[in-house]
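Below is one structure, written out as structure tokens; the observations come after it.
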Amino acid sequence: MNAAAESASSGWQARLELEIVSDDGRSRLAHRLHKGPLRIQRPFYPEGESVLHLYLLHPPGGLVAGDELTISIDVRAGANAVFTTPAAQKIYRSEGATCTQTTTLRVASGASCEWL
């Protein structure tokens, strides 16, 4: 295996899956799965119970060679959610190895999703 392939295989492999639903007008986290260093803080409701706010956290503080982060979010019909992070994600220089962050947002009819 060459040095670039070794470096690429040594990064963080992280995944975060979230599903937000609406129960009688209250948006809530119905499903959460995480692998590796991707987490969320406790859900909060600064706008009232109809809009769920979540902070997404990547504790290492940035992406480096070989990192692969995958975020998948489903906001179901009638639910409202805001997703943000405490700071901008940093991407550090690499000598050839790549890093990726893939984000998939699925928003059902009648739902709203803000990604900040």
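Each residue of the sequence shown is one higher than the one before, starting from 935 at the first, in our numbering. Note that CB positions come from ideal geometry on N, CA and C, so glycine has one too.
- DSSP, read as helix, strand or coil, puts Gln-975 in coil.
- Within the same chain, Val-1009, Arg-1010, Ala-1011 come within 7 Å of Ala-1042 by CB-CB distance, once the 5 residues on both sides are set aside.
- If the five residues before and after His-965 are omitted, its C-beta is found closer than 6 Å to the C-beta atoms of Glu-953, all from its own chain and listed in chain order.
- For Ser-1028, the three-state secondary structure derived from DSSP is coil.
- When only Cα atoms are considered, Thr-1038 and Lys-1024 end up about 20 Å apart.
- Listed in chain order, the non-local C-beta contacts of Asp-958 below 6 Å within the same chain number zero, local neighbours out to five positions each way being set aside.
- Contact between the region 1024-1036 and the region 968-985 is absent, with fewer than three C-beta pairs closer than 8 Å.
- Per DSSP, Gln-1023 is not a residue of any beta strand (DSSP E), being assigned neither H nor E.
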